[in-house]
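Protein chains in written order, with the numbering used here: chain A, 8 to 371; chain B, 8 to 371.
A virtual CB, placed ideally from N, CA and C, is assigned to each residue, including glycine.
Following: one structure in structure tokens, then a few remarks.
There are 2 protein chains.
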Amino acid sequence: MTTRSPGIPIGDTTVADVARLAGVSVATAARALGNYGSVSARSRELVSAAASELGYRPNMVARSMITKTTRTVGVIVGDIENHFFLSALRGITDRLDAFGYDVLLANSAEELDREQRALQAMVERRVDGLIVTPAQVSDRELISELIHQGLPVVLLDRRIRGLRADSVGIRNREAGRIATDYLLHRGHRRIALITGAGAEHREALHAEDPRELKTVRASTSGTRASGYRQALAAAGVPFVPDYISVAGFRREDACLATLELLNLPAPPTAIVTLDSGLTLGALQAFRQAGIRCPEECSLIGFDDAEWAEVVSPPITVMSQPVVQLGERAAERLVQRLNGEVLDVAAIRLSATLIERSSVAPPPG
Amino acid sequence: MTTRSPGIPIGDTTVADVARLAGVSVATAARALGNYGSVSARSRELVSAAASELGYRPNMVARSMITKTTRTVGVIVGDIENHFFLSALRGITDRLDAFGYDVLLANSAEELDREQRALQAMVERRVDGLIVTPAQVSDRELISELIHQGLPVVLLDRRIRGLRADSVGIRNREAGRIATDYLLHRGHRRIALITGAGAEHREALHAEDPRELKTVRASTSGTRASGYRQALAAAGVPFVPDYISVAGFRREDACLATLELLNLPAPPTAIVTLDSGLTLGALQAFRQAGIRCPEECSLIGFDDAEWAEVVSPPITVMSQPVVQLGERAAERLVQRLNGEVLDVAAIRLSATLIERSSVAPPPG
DNA sequence: TCTGGGTCTGATAACGTTCTCAACAGATCG
DNA sequence: CGATCTGTTGAGAACGTTATCAGACCCAGA
């Protein structure tokens, strides 16, 4: 109809401007726009006409100021380039979006000080809640304090020892056990495990006493290793520390680790890799060493990566329901955001074994 | 020393509280905390002592209210599960973090209405700037209006026809040409191209007149296809519409498309796939059809995925500097955020060919 | 002593919303 | 007819920060 009033800067029209044009009070305009309180049909019409005329856009900052809620959730991931977090993020954003929340994203890059900075920033921005994948060495103090202050926090994938917070992840021990059992049932006795844990955990992972595994923090690796040992024990197969390879996180690390394993006097006839990057490393090592998989050495990976069924051989994997993990984390957080009083829970989903062609009976 | 004063709710102490405890005015406390204006050493000490005693945390919402700046950048990605965006996101967050900006993330899932909703949300949250990967069908109107209002916007990977905004991406035409030339030089004449564009672009991509390609919106595919045709033309090889396969985005689509290509009366001796998911599909098709690569059919992919050198054969790819792309986008945005006046620019990085083993001379 | 120019300070006004409260009209009820 | 209720309205406070401005103080130079 008319062009926009030149006096008012587009994109920064306020409720007051709208009210003035509509010929009602600020309070009424706000009620009509914000859809609360009670407003007559006539006022509502007047206001919405004025609003669209002026191109009014509500200012969430001001709204947050008074409602003390930002409808924003902070998400801190450990390693943004890890496909696991990516899929989880997909689940998280989809669910949160559905509930009207936006996501403030930070990448801790597994570094303590970046995690701390991110945490601080989120608090200063007054996020309504937090989904955190704690870094390997995480700041229990700070997170714990936030929870204590009543900030809803959900831990994803990893947990922090001694921290009473909701957590969402898979049944790692079960998963470790299933993978190992699968290999045992096919006759394997010399089964190696390649983990992504840092070197500082080597001792605990190699210890004779499985209880040592509990000391491995952020312990998806430790817990999976514990399942592996349970399976071994149940089958009466002795534990060989040399078969647990603490590789580091990168593919190259796993490649080297695999080559070392293959050079052992009694090399393993099967290998379990604890994440998809490591699986790729093992595959690379097989190629380099000229080892045929599965004929000479079987392989089970974790995470059903997009390439898993396309490589040769197609890889048998423990598939984690990663998107669902993210969704569940988001849902749990929203429940708390809605003020539901809930006990602290550890939500656990099962990983499932997907049979492909990287496992065969041991040679000979 | 002392425990925290019980009267003041932890985590919501304000400048006023700090000022009271420090025995100075709100203004002085704010100056000391916010590090602006001039404050005596003594006041500064008093204030910071009081602040840490009370566990004061600045409230960015209130600060934004008055400074009219949120130090937040909105990032809208087209498909959060695409590895391309993931790596880009890594570059973006790292750079923005270094400049003190946080990232508000939204996933448009290539859907127009989700993109619009995300855009609206970002505006309402008063982000300082925007990095957008426009969806296939994007809302030029809205973005254009925002830019017009002075909101800094940088387009990533894709562009929007007719929109005057900074954009960052690779030299797609050059990349398409290089990949095709590489195959031509090895003697291939029947070279197929598998794109991820939607079916609605089939006509333009198949048209005899290469200028039709311009109509393919959000046109990384179109531009790469145009480079492909340039190379063909320069080598005097006739263009065969059947060799351009408009697959769809998923791996299965590419797999089917590849099988169709292989069933052509004169099947291609080499295939170029325009993203990594499609490459995986082609590989899958080779396996299903029992075609040996590269002996019977060569393959060049786009994007140096983590698995590219591990599959067999290791894939020759056009590698995009994806993290850098994200970094450049972030840097460009920060320049504008700092108020630098700049012409609209199209920042283009080169993709580089990584030779591996998926290309051989054509059979026979 | 007076003046000028710094440094430092505190009261108070923004910022754009939502919330609180009192007031008013009209309808309903006794 | 008065009392009570319901729906609607507007004035003004509130949120927690930064910006503005005027004043207090101190010291050097005239």
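Reduced DSSP secondary structure (H/G/I, E/B, other) of residue i
i, result
"residue 81 of chain B", "strand"
"residue 150 of chain B", "helix"
"residue 224 of chain B", "Confidence at residue 224 of chain B is low in this model, with a pLDDT of 49, below 50, so its placement is unreliable and the value that follows should be read with caution. The answer is coil: DSSP assigns residue 224 of chain B none of H, G, I, E or B."
"residue 453 of chain B", "Shown here, chain B extends from 8 to 371; a query on residue 453 of chain B therefore has no answer."
"residue 177 of chain B", "strand"
"residue 230 of chain A", "helix"
"residue 30 of chain B", "coil"
"residue 260 of chain B", "helix"
"residue 298 of chain A", "coil"
"residue 119 of chain B", "helix"
"residue 353 of chain A", "strand"
"residue 17 of chain B", "Residue placement at residue 17 of chain B is poorly supported in this model, since its pLDDT is 40, which falls under 50; the coordinates still yield a value, given next. Coil at residue 17 of chain B, not helix or strand."
"residue 170 of chain B", "coil"
"residue 106 of chain A", "coil"
"residue 95 of chain A", "helix"
"residue 113 of chain B", "strand"
"residue 362 of chain A", "coil"
"residue 1 of chain B", "With chain B represented from 8 up to 371, any question about residue 1 of chain B goes unanswered, as that position is not in the structure."
"residue 194 of chain B", "coil"
"residue 202 of chain B", "strand"
"residue 47 of chain A", "coil"
"residue 161 of chain B", "strand"
"residue 137 of chain A", "strand"
"residue 348 of chain B", "coil"
Residue i and residue j closer than 8 Å at C-beta
i, j, result
"residue 92 of chain A", "residue 84 of chain A", "yes"
"residue 39 of chain A", "residue 33 of chain A", "no"
"residue 99 of chain B", "residue 333 of chain B", "yes"
"residue 231 of chain A", "residue 179 of chain A", "yes"
"residue 117 of chain B", "residue 86 of chain B", "yes"
"residue 72 of chain A", "residue 29 of chain B", "no"
"residue 132 of chain A", "residue 77 of chain A", "yes"
"residue 234 of chain A", "residue 182 of chain A", "yes"
"residue 271 of chain A", "residue 249 of chain A", "yes"
"residue 97 of chain A", "residue 89 of chain B", "no"
"residue 37 of chain A", "residue 173 of chain A", "no"
"residue 337 of chain A", "residue 171 of chain A", "no"
"residue 237 of chain B", "residue 266 of chain B", "no"
"residue 306 of chain B", "residue 226 of chain B", "no"
From the options, residue whose alpha carbon lies closest to that of residue i
i, options, result
"residue 54 of chain A", "A/273, A/35, A/213", "A/35"
"residue 160 of chain A", "A/363, A/168, A/150", "A/150"
"residue 144 of chain A", "A/168, A/157, A/253", "A/168"
"residue 273 of chain A", "A/304, A/253, A/263, A/293", "A/304"
"residue 240 of chain B", "B/263, B/212, B/187", "B/187"
"residue 335 of chain A", "A/175, A/142, A/104", "A/175"
"residue 158 of chain A", "A/364, A/195, A/135, A/354", "A/135"
"residue 208 of chain A", "A/194, A/292, A/244, A/252", "A/252"
"residue 165 of chain B", "B/315, B/104, B/228", "B/228"
"residue 42 of chain A", "A/126, A/138, A/65", "A/65"
"residue 298 of chain A", "A/130, A/126, A/275", "A/275"
"residue 216 of chain A", "A/196, A/315, A/246, A/192", "A/246"
"residue 243 of chain A", "A/194, A/262, A/213, A/264", "A/194"
"residue 58 of chain A", "A/142, A/138, A/349, A/19", "A/19"
"residue 52 of chain B", "B/44, B/31, B/345", "B/31"
Any non-hydrogen atom of the ligand MN within 7 Å of residue i CB
i, result
"residue 161 of chain A", "Absence of the ligand MN is noted for the structure shown, with no ligands found whatsoever."
Can you list, in chain order, the residues of the stretch 22-52 of chain B whose Cβ is nearer than 9 Å to any Cβ on chain A? For the stretch 22-52 of chain B, which is checked against every Cβ of chain A, not one residue is closer than 9 Å.
Can we say the stretch 273-281 of chain A touches the stretch 183-200 of chain A, given the rule of at least three CB pairs closer than 8 Å? Using a C-beta cut-off of 8 Å, the stretch 273-281 of chain A makes contact with the stretch 183-200 of chain A, since at least three inter-stretch Cβ pairs fall below that distance.
Counting pairs of Cβ atoms below 8 Å between the stretch 313-326 of chain A and the stretch 344-364 of chain A, do you hit three or more? Taking a contact to require three or more Cβ pairs closer than 8 Å, the stretch 313-326 of chain A and the stretch 344-364 of chain A qualify as touching.
Of the residues that make up the stretch 108-134 of chain A, which ones have a beta carbon closer than 9 Å to any beta carbon in chain B? The stretch 108-134 of chain A vs chain B, Cβ under 9 Å: 109, 110, 111, 112, 113, 114, 116, 121, 124, 125, 127, 128, 129, 130, 131, 132, 133.
Which residues of the stretch 58-69 of chain B have a Cβ closer than 8 Å to any Cβ of chain A? Give them in chain order. Result list: 64, 65, 66, 67, 68, 69.
Three or more C-beta pairs below 8 Å linking the stretch 330-344 of chain B and the stretch 309-322 of chain B: With a cut-off of 8 Å, the stretch 309-322 of chain B and the stretch 330-344 of chain B do not count as touching, because too few Cβ pairs lie within range.
Segment contact, 8 Å Cβ cut-off, at least three pairs: the stretch 248-258 of chain B with the stretch 283-295 of chain B: By the Cβ rule, the stretch 248-258 of chain B counts as touching the stretch 283-295 of chain B, because three or more pairs are nearer than 8 Å.
Is the stretch 102-109 of chain A in contact with the stretch 339-356 of chain A, if contact means three or more CB pairs nearer than 8 Å? The stretch 102-109 of chain A, when compared against the stretch 339-356 of chain A, does touch it at the 8 Å Cβ threshold.
According to a CB-to-CB cut-off of less than 8 Å, which residues of the stretch 87-103 of chain A neighbour chain B? Near chain B, meaning a CB-to-CB distance below 8 Å, the residues of the stretch 87-103 of chain A are 87, 88, 90, 93, 94, 96, 97, 100, 101.
Short-range partners of chain B found in the stretch 337-364 of chain A, where Cβ spacing is below 7 Å: Taking 7 Å as the Cβ-Cβ cut-off against chain B, none of the residues of the stretch 337-364 of chain A qualify.
For the stretch 309-325 of chain B, which residues have a CB atom closer than 8 Å to at least one CB atom of chain A, in sequence order? Near chain A, meaning a CB-to-CB distance below 8 Å, the residues of the stretch 309-325 of chain B are 312, 313, 314, 316, 317, 318, 319.
What residues from the stretch 291-310 of chain B come within 9 Å of chain A, judged by C-beta to C-beta, listed N to C? For the stretch 291-310 of chain B, the residues whose beta carbon sits under 9 Å from a beta carbon of chain A are, in order, 291, 294.
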